[in-house]
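Read through the structure below, which is laid out as structure tokens, and then see the notes.
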Amino acid sequence: MAIELHGLFYQIPRNPAIAVGLPLALGMLNGRITKTSVETWFENRRQPPGQPPRWAFPVAWTYLYIGMGAASHLVVKAFDAAVPGSPLKLVADSALKLYWAQFVLNQAWTPLFFGLQKPLLALIDIGILTPLVYKLANEAYKVDTRTAFAFVPYCLWLTYASYLNGEFFAPSPPETY
Numbered sequence: 025m026a027i028e029l030h031g032l033f034y035q036i037p038r039n040p041a042i043a044v045g046l047p048l049a050l051g052m053l054n055g056r057i058t059k060t061s062v063e064t065w066f067e068n069r070r071q072p073p074g075q076p077p078r079w080a081f082p083v084a085w086t087y088l089y090i091g092m093g094a095a096s097h098l099v100v101k102a103f104d105a106a107v108p109g110s111p112l113k114l115v116a117d118s119a120l121k122l123y124w125a126q127f128v129l130n131q132a133w134t135p136l137f138f139g140l141q142k143p144l145l146a147l148i149d150i151g152i153l154t155p156l157v158y159k160l161a162n163e164a165y166k167v168d169t170r171t172a173f174a175f176v177p178y179c180l181w182l183t184y185a186s187y188l189n190g191e192f193f194a195p196s197p198p199e200t201y
């Protein structure tokens with residue numbers, strides 16, 4: 025059974041401002057909602073080796089959210105231009121489905137880790153998210169090579185973030201699972 029996306033999920037990335045603005049706005053909203061948890065619970069935990077300064081996260085995520093939104097726009101443009109039933113159309117459709125799946129997982133991570141303070145649930149989330157984004161990067165690259173400028177840094181960041189998340193989970197007492 026093939027998964028079909030609602031038409032809205034094709035419409036959103038067609039507008040470059042919305043394609044970029046949606047992940048950026050939701051990422052910023054997640055940051056605002058969990059700010060208190062970051063400043064209290066997170067700051068009082070043992071920081072893993074290689075933990076960047078706190079200011080680096082919004083800088084990195086701003087670039088990553090802008091990049092993922094711009095890449096989704098490139099993919100939907102290729103989807104729209106492709107001949108129905110062609111390999112390009114099918115790969116672009118697959119990339120858009122992967123994009124929205126990763127988008128949901130991406131947006132869930134911050135509330136899981138910071139909001140609920142559940143490093144294990146966040147680790148499960150990022151453990152699914154990271155290989156999904158690697159697959160997305162591969163599919164999107166087949167559609168438009170320029171998407172690599174967005175998805176390669178995103179893959180690298182998620183790999184690093186997975187390490188950090190794992191390090192935060194490792195010393196957690198059982199009640200924080």
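So for the sequence shown, my numbering puts the first residue at 25; every next one is plus one.
Positions of the beta carbon are idealized from the N, C-alpha and C atoms, including for glycine.
Take residue 119 and list the residues in its own chain whose beta-carbon comes closer than 7 Å to its own, dropping the five residues that flank it on each side. Taking the first residue of the sequence shown as 1, we reach residue 119 at position 95. Excluding residues within five positions, the ones whose Cβ falls inside 7 Å are 99, 160, 163, 164, 167.
Taking 8 Å as the threshold (C-beta atoms), are residue 174 and residue 97 in contact? For the purposes of this step, residue 97 is taken as the residue at position 73 of the sequence shown. For the purposes of this step, residue 174 is taken as the residue at position 150 of the sequence shown. Contact flag unset, no.
Pairs of beta-carbons, one from the stretch 135 to 149 and one from the stretch 53 to 63, closer than 8 Å: are there three or more? The stretch 53 to 63 and the stretch 135 to 149 touch, with three or more beta-carbon pairs separated by less than 8 Å.
Distance, Cα to Cα, residue 133 vs residue 110? Here residue 133 refers to the residue found at position 109 of the sequence shown. Here residue 110 refers to the residue found at position 86 of the sequence shown. Rounded to the nearest angstrom, the two C-alpha atoms are 35 Å apart.
For the candidate residues 40, 186, 49, whose alpha-carbon lies nearest to that of residue 101? Walking along the sequence shown from the start, residue 101 turns up at place 77. Taking only the C-alpha atoms, the option nearest residue 101 is 40.
Skipping 5 residues on each side, what residues in its chain have a beta carbon closer than 6 Å to that of residue 38? On the sequence shown, position 14 is the one that residue 38 refers to. Correct list, in chain order: 100.
Could you check the C-alpha separation between residue 68 and residue 115 for me, to the nearest Å? Along the sequence shown, one-based indexing puts residue 68 at 44. Along the sequence shown, one-based indexing puts residue 115 at 91. The alpha-carbon atoms of residue 68 and residue 115 are separated by roughly 45 Å.
Terminal residues of the alpha helix (DSSP H) in which residue 86 lies: Start at 1 with the first residue of the sequence shown, and residue 86 comes out as number 62. 80 to 105 is the span of the alpha helix (DSSP H), which, as asked, contains residue 86.
Thinking just about the alpha-carbon of each residue, which of 142, 172, 170, 124 is nearest to the one in residue 31? Stepping through the sequence shown from its first residue, residue 31 is reached at position 7. When each option's Cα is compared against that of residue 31, the closest is 124.
Between residue 89 and residue 48, is the Cβ-Cβ spacing less than 8 Å? Residue mapping note: residue 89 aligns to position 65 of the sequence shown, counting from 1. Residue mapping note: residue 48 aligns to position 24 of the sequence shown, counting from 1. The Cβ-Cβ distance between residue 89 and residue 48 falls below 8 Å.
Quick one: what's got a C-beta closer than 8 Å to residue 178's C-beta in the same chain, skipping five residues either side? Start at 1 with the first residue of the sequence shown, and residue 178 comes out as number 154. Shown here for residue 178: same chain residues with a beta carbon closer than 8 Å to its own, the five before and five after excluded, namely 88, 91, 92, 157, 161 in chain order.
Residues near residue 95 in its chain [Cβ-Cβ closer than 7 Å; skip 5 each side]: Locating residue 95 in the sequence shown gives position 71, where the first residue counts as 1. Closer than 7 Å at the Cβ level, and outside the excluded window around residue 95, lie 164, 171, 174, 175.
Can you tell me which of the three DSSP states residue 135 falls into? The count along the sequence shown starts at 1 and reaches residue 135 at position 111. Here residue 135 sits in helix by DSSP.
Under DSSP, the alpha helix (DSSP H) around residue 142 begins and ends at which residues? Here residue 142 refers to the residue found at position 118 of the sequence shown. Taken as a continuous stretch (DSSP letters only), residue 142 belongs to no alpha helix (DSSP H), as it is neither H nor E.
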